[in-house]
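Colleague: Quick one: the structure is below, questions incoming.
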Amino acid sequence: MKKITFLIAVLTILFSCTKKTDNVQLEPVNEETTGQKKNIIFLIGDGMGLAQISGARTVNNDQLNILRCEYIGIQSTHAADEYVTDSGASGTAMSCGQKTNHYTVGVDVDGNPLTTILEMAENNDLSTGLITTSHIAHATPAVFYAHNTDRFDYESVAYELISKDVDFFMGGGQKYFDQRTDELNLIDSLIAKEYQVVNNLSQISGDKKVACLISEDHPPSYTEGRGDVLPNSVEIALNRLKKNDNGFFMMVEGAQIDWACENNEQDYLIAEMLDFDNAVGKALDFAESDGNTLVVITGDHETGGYALVDGDLDANTVAGEFVTFHHTGTMIPVFAFGPGAEEFSGVYENTQIFYKFKQYFDFN
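The sequence shown maps to residues 10 to 373 in this note's numbering.
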């Protein structure tokens with residue numbers, strides 16, 4: 010019976026790749042109306058698979074912003090050296106276009122630095138942004154700006170961030186900037202580069218680049234009082250990045266979906282999923298009105314082997330079970346909206362996301 014159920018689930022997923030979702034609420038952008046300016050908003054729900062999405066949808070009265078997307082694909086997440094990936098390897102695949110080893114960021118299997126899509130955007134005079142509910146030197150944001158064979162070398166990773174010109178970044182991790190073992194004060198370095206360094210979104214003003222470090226280490230979870238900082242950051246960042254006539258690239262991570270699944274805590278998971286989905290809504294609202302923005306939403310891997318074993322659509326409740334406290338090797342969905350979104354249909358390796366971004370921007 011379990012084998013039959015699994016087969017039905019797989020066939021359902023593959024069939025969905027060739028059809029539009031039933032819940033589309035946005036009109037597709039006509040590529041003929043798009044101008045030279047091109048933007049990408051890349052949203053990563055760390056640890057997010059289909060079951061996580063399905064559970065959040067049920068609890069949220071059968072509604073999610075992510076289901077407003079018209080095109081759906083499937084990506085494979087394995088690392089170069091392991092079937093089940095970590096966020097460093099999977100993130101590097103998506104940001105740089107190469108499979109690499111566990112626990113590395115922005116390097117190939119031999120430890121050589123790779124050029125990231127964010128660095129390409131900077132080199133082409135686009136604005137850039139990074140937003141996360143982890144600390145800013147954690148693996149997923151790090152793969153867009155850092156090059157290190159040890160993803161856990163957070164001080165070195167943070168040091169690389171100040172060598173970039175990311176126009177807006179928000180996350181935790183202030184201690185990796187001003188409480189370092191090398192006694193450097195990277196906050197002073199950011200100020201010298203004409204950043205406004207703040208601890209709260211309400212402190213942001215003017216037109217300077219923004220470094221918003223909202224906690225010493227990781228920010229609290231949504232249920233612990235983080236509030237709406239993730240969707241609010243997306244809205245604030247977009248209002249700033251859109252001023253660049255060359256366009257922008259922004260990555261947004263819902264980091265704690267992964268941690269909830271590693272803890273096997275369903276309530277934690279659903280709260281983080283709905284917070285992430287609110288950020289997705291901000292991105293899609295912007296893209297719908299802008300017309301020149303591609304929005305792509307996916308995970309970097311699935312976590313927990315989460316499965317929905319029961320539920321009640323009338324009561325908006327689900328009963329889920331986890332099979333592991335770690336990541337899994339299952340393929341995961343990719344949702345896309347906007348000009349070029351159709352390129353994200355089908356089944357492909359996670360490395361192809363980088364090349365699809367590169368093609369969209371027409372980077373050499």
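Just so you know, even glycine gets a beta-carbon here, dropped at the ideal spot from N, CA and C.
How long is the line joining the alpha carbons of Pro37 and Val118, rounded to whole angstroms?
Modeller: Here residue 37 corresponds to residue number 28 of the sequence shown, with the count starting at 1. Here residue 118 corresponds to residue number 109 of the sequence shown, with the count starting at 1. Caution applies to Pro37, whose pLDDT of 39 falls short of 50 and renders its modelled position unreliable; the model cannot decide the point.
Colleague: What residue ranges within the stretch 264-331 form continuous alpha helix (DSSP H) runs of no fewer than 4 residues, ordered along the chain?
Modeller: DSSP runs (the alpha helix (DSSP H)) wholly in the stretch 264-331: 265-271, 275-299.
Colleague: With burial defined as no fewer than 16 other Cβ atoms inside 10 Å of the residue's Cβ, what is the status of Thr109: buried or exposed?
Modeller: As a first step, residue 109 is located in the sequence shown; it is residue number 100 there, counting from the start. When all chains shown are included, Thr109 counts as buried.
Colleague: Going by DSSP in three states, Gly387 sits in which element: helix, strand or coil?
Modeller: Because the chain in this structure spans residues 10 to 373, residue 387 falls outside the shown range and cannot be described.
Colleague: Around the Cβ of Asn248, are there at least 16 other Cβ atoms within 10 angstroms (buried) or fewer (exposed)?
Modeller: Numbered from its first residue, the sequence shown carries residue 248 at position 239. So Asn248 ends up on the exposed side.
Colleague: Quick one, which of Gly56, Leu303, Ala155 has its alpha-carbon nearest Cys105's?
Modeller: As a first step, residue 105 must be located in the sequence shown, where it is residue number 96. The shortest C-alpha separation from Cys105 is found at Ala155.
Colleague: Thinking just about the alpha-carbon of each residue, which of Ala102, Thr137, Arg77 is nearest to the one in Lys252?
Modeller: As a position in the sequence shown, residue 252 is number 243, starting the count at 1. Among Ala102, Thr137, Arg77, the Cα nearest to that of Lys252 is on Thr137.
Colleague: Once DSSP output is grouped into helix, strand and coil, what is the label at Met57?
Modeller: Taking the sequence shown and counting its residues from 1, one reaches residue 57 at position 48. In the structure shown, Met57 sits in coil (DSSP, three-state: anything other than H, G, I, E or B).
Colleague: Please name the residue, chosen from Phe177, Ala316, Lys217, that lies closest to Phe257 on a Cα-to-Cα basis.
Modeller: Residue 257 sits at position 248 when you count from the first residue of the sequence shown. Checked all of Phe177, Ala316, Lys217; the closest Cα to Phe257 is Phe177.
Colleague: Do Gln183 and Leu225 count as a contact pair if the criterion is CB distance below 8 Å?
Modeller: In the sequence shown, counting from the first residue as 1, residue 225 sits at position 216. In the sequence shown, counting from the first residue as 1, residue 183 sits at position 174. The sequence as given places Glu at residue 225; Leu does not occur at that position. Yes, Cβ-Cβ distance for Glu225 and Gln183 is below 8 Å.
Colleague: I need the boundaries of the alpha helix (DSSP H) containing Lys46, first residue and last residue.
Modeller: In the sequence shown, counting from the first residue as 1, residue 46 sits at position 37. Unbroken run through Lys46: none, as it is neither H nor E.
Colleague: Check Glu164 in the structure and name its three-state DSSP category.
Modeller: Taking the sequence shown and counting its residues from 1, the one referred to as residue 164 is at position 155. Of the three classes helix, strand and coil, the one that applies to Glu164 here is helix, per DSSP.
Colleague: Given this structure, state the Cα-to-Cα distance separating Thr30 from Val327, to the nearest angstrom.
Modeller: Position 21 of the sequence shown, counted from the start, is the residue given in the question as residue 30. Position 318 of the sequence shown, counted from the start, is the residue given in the question as residue 327. Confidence is the limiting factor: at Thr30 the pLDDT is only 35, short of 50, which leaves the residue's position unreliable, though a coordinate-based value still follows. Whole-angstrom Cα-Cα distance: 22 Å.
Colleague: Tell me the DSSP secondary structure of Ala368 in three-state form.
Modeller: Here residue 368 is taken as the residue at index 359 of the sequence shown, counted from 1. Note that residue 368 is Gln in the sequence shown here, rather than Ala. In the structure shown, Gln368 sits in a helix (DSSP, three-state: H, G or I).
Colleague: Got a sec? Which residues, its chain only, sit under 6 Å from Arg388 by beta carbon, not counting five neighbours each side?
Modeller: Because residue 388 is not part of the residues shown, which for the chain are 10 to 373, the question remains open.
Colleague: Run through the stretch 63-112 for me and flag every whole alpha helix (DSSP H) of 4 or more residues, listed as ranges in chain order.
Modeller: Those alpha helix (DSSP H) runs which fall completely within the stretch 63-112 and span 4+ residues are 96-105.
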